[in-house]
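Asks: Pasting a structure here, questions to come.
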């Protein structure tokens, strides 16, 4: 299994047994997470913003409007960023308040932005992003016009300095607490898709596509 | 409705109609979100970490181990932080790739940490946090011992500089695209709780509590 190198920034120092540096494990978290937060620092002040993203090979892509202040800011100043994505898998209910926890998978990545200028790479990034959010969608939709491409900014981050932190399994209580009359276990958490509801302005006769059924 | 003042940092400049500064709206997002990301900057380098949190009145609390590097770092250096929490409400499927979006509610807060030293405030923060994650739980569990208190760090952030960004509703397409034979609408997203599963080491006879049924 290919691993990311452990650096000063990515080493999991608190509960190191939860640290994961395996590339496939990290990529699978990124491919499942619906959004990431992008943090950067400007004049010593931290900022962050939630945003959609996708991954292609060892590159993470975010996109936005060319009018987006933060995207212009990090692109033009080539500011170092920290990206993170988190999936919550369950509430871990222990017998003691102290040992309550959550099961989760989170990734943190450090890197610098590269503004994508080749249309082919931009196209691919938007296609993969759309397919990540809704598999099957890209083939159906009207593709971007030249003007739409001009108003879209895509930033790429090479995933080189990255680690994940993962907790799984049941609660871990203190030995003497296992005899308590307190229920303990895990409540799974999952993001579920509800029944799609059509736009009121949907053209008559257009049916719900198979990939949404 | 009480509003947060709009500052240089919290003003929503991109799609300002999505900007929300109403306190109750921001608090309700914070009370629903299961985790936040806490970003800070050290020597110009951005860092961020996902963490659980809760809100009491105008204060946001996070907690962790006194052995947590990042918590000690921001507490001792009183580093400015940026906190954000996001709830994904739906996939917004437009007729054009360009107008695809998501319905979401996100909050961004700027502030400085205050380390909580009064046991009463720490206790209240952990109680409210536990009850946020699992209403009804606090009454059931073994409360922290003195040693557990000593190994827990709670940081408080006054919610004073904050804004939210919210998108709701159907896709908004270009006028000429409404006649296309493409399904458009919203796929709701929701975090759901699965069936709880008991710890293998659960004491015989302990039943699933009513608040988990």
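Residue numbers (this note's numbering), protein chains in the order written: chain H, 270 to 482; chain L, 270 to 482. All residues carry an ideal CB built from backbone N, CA and C; glycine is no exception.
(1) Rounded to the nearest angstrom, what separates residue 486 of chain L and residue 466 of chain L at their Cα positions?
(2) Using a Cβ cut-off of 8 Å, pull out every chain L residue sitting near residue 364 of chain H, in sequence order please.
(3) Using 10 angstroms around the beta-carbon of residue 284 of chain L, count the other beta-carbons present and answer buried if the total reaches 16, otherwise exposed.
(4) Pull up the distance between the alpha-carbon of residue 395 of chain H and that of residue 374 of chain H, whole angstroms please.
(5) Assign residue 338 of chain H to one of three DSSP states: helix, strand, or coil.
(6) Nearest CA to the CA of residue 364 of chain H: which residue from L:351, L:410, L:447, L:451?
(7) Need the endpoints of the beta strand (DSSP E) that residue 314 of chain H sits in, please.
(8) Let me make sure I understand the geometry here. Which of H:391, H:360, H:452 has the alpha-carbon closest to that of residue 414 of chain H?
(9) Would you please verify whether the beta carbon of residue 286 of chain H is less than 9 Å from any beta carbon of chain L?
(10) Check for me: the beta strand (DSSP E) holding residue 325 of chain L runs from which residue to which?
(11) Could you give the DSSP three-state label for residue 420 of chain L: helix, strand or coil?
(12) Taking residue 345 of chain L as the reference, give the member of L:454, L:472, L:408, L:335 with the closest Cα.
(13) Throw me the rounded Cβ distance for the residue 419 of chain H and residue 382 of chain H pair, which I believe falls under 8 Å.
(14) Got a sec? Which residues, its chain only, sit under 8 Å from residue 407 of chain L by beta carbon, not counting five neighbours each side?
(15) Could you pull out every residue in the same chain whose Cβ sits closer than 7 Å to the Cβ of residue 356 of chain L, ignoring the five residues on either side in sequence?
(16) Should residue 332 of chain H go down as buried or exposed, given a rule of 16 or more other Cβ atoms within 10 Å for buried?
(17) Which whole-angstrom value describes the C-beta separation of residue 273 of chain H and residue 351 of chain L, a residue pair presumed to lie in contact below a C-beta threshold of 8 Å?
(18) What did DSSP end up calling residue 279 of chain H once you bin it into helix, strand or coil?
(19) Using a 10 Å radius around the Cβ and a threshold of 16 neighbouring Cβ atoms, would you call residue 386 of chain H buried or exposed?
(20) Please classify residue 397 of chain L: does DSSP put it in a helix, a strand, or coil?
(21) At a CB-CB cut-off below 9 Å, which residues of chain L make contact with residue 467 of chain H?
(22) Locate the beta strand (DSSP E) running through residue 358 of chain L, then write down its first and last residues.
(23) Where do the ends of the beta strand (DSSP E) carrying residue 458 of chain L lie?
(24) I want to see whether chain H comes within less than 9 Å of residue 379 of chain L, judged by CB atoms only; does it?
(25) How long is the line joining the alpha carbons of residue 417 of chain H and residue 380 of chain L, rounded to whole angstroms?
(26) Can you check whether the CB of residue 433 of chain H is closer than 9 Å to the CB of residue 294 of chain H?
(27) Verify the CB distance criterion: does residue 432 of chain H have a CB-CB separation below 9 Å to chain L?
(28) Pull up the DSSP beta-bridge partners for residue 367 of chain L, would you.
(29) Is DSSP giving residue 374 of chain H helix, strand or coil here?
(30) Short check: CB of residue 354 of chain H to CB of residue 371 of chain H, under 9 Å?
(31) Against chain L, does residue 330 of chain H count as a neighbour if the rule is that its beta carbon must be under 9 Å from one of theirs?
(32) Can a CB atom of chain L be found closer than 9 Å to the CB of residue 423 of chain H?
(33) Under 9 Å Cβ-Cβ, which residues of chain B neighbour residue 279 of chain H?
(34) Provide the residue span of the alpha helix (DSSP H) that contains residue 309 of chain H, from first to last.
(35) Pull up the distance between the alpha-carbon of residue 286 of chain H and that of residue 450 of chain H, whole angstroms please.
(36) Is residue 554 of chain H near residue 455 of chain H, with beta carbons less than 9 Å apart?
Replies: Let's see:
(1) Chain L is shown from 270 up to 482; residue 486 of chain L falls before or after that span and cannot be answered.
(2) 410, 411
(3) exposed
(4) Rounded to the nearest angstrom, the gap between the Cα atoms of residue 395 of chain H and residue 374 of chain H is 25 Å.
(5) In the three-state scheme derived from DSSP, where H, G and I count as helix and E and B as strand, residue 338 of chain H is classed as helix.
(6) L:410
(7) 314 to 320
(8) H:391
(9) no
(10) Unbroken beta strand (DSSP E) run through residue 325 of chain L: 323 to 325.
(11) coil
(12) From the listed residues L:454, L:472, L:408, L:335, the smallest Cα separation to residue 345 of chain L is found for L:335.
(13) Not quite, the Cβ-Cβ distance comes to about 19 Å (not below 8 Å), so this is no contact.
(14) 396, 399, 400
(15) 298, 301, 302, 373, 374
(16) That one is buried.
(17) The Cβ separation is near 26 Å, so there is no contact.
(18) coil
(19) exposed
(20) helix
(21) Residues of chain L passing the Cβ test: 439, 452, 453, 454, 455.
(22) 350 to 362
(23) 454 to 462
(24) yes
(25) 37 Å
(26) yes
(27) no
(28) Answer by DSSP bridge pairing: none, since residue 367 of chain L is not bridged.
(29) Strand, per DSSP.
(30) no
(31) Not closer than 9 Å to any Cβ of chain L, the Cβ of residue 330 of chain H fails to qualify, so no.
(32) No, residue 423 of chain H lies away from the interface with chain L (no Cβ there is under 9 Å from its Cβ).
(33) The chain labelled as chain B is not found among the protein chains of the depicted structure, namely H and L.
(34) Taken as a continuous stretch (DSSP letters only), residue 309 of chain H belongs to no alpha helix (DSSP H), being part of the beta strand (DSSP E) at 305 to 311.
(35) 30 Å
(36) In the structure displayed, chain H extends from 270 to 482; residue 554 of chain H sits before or after that span and is not available.
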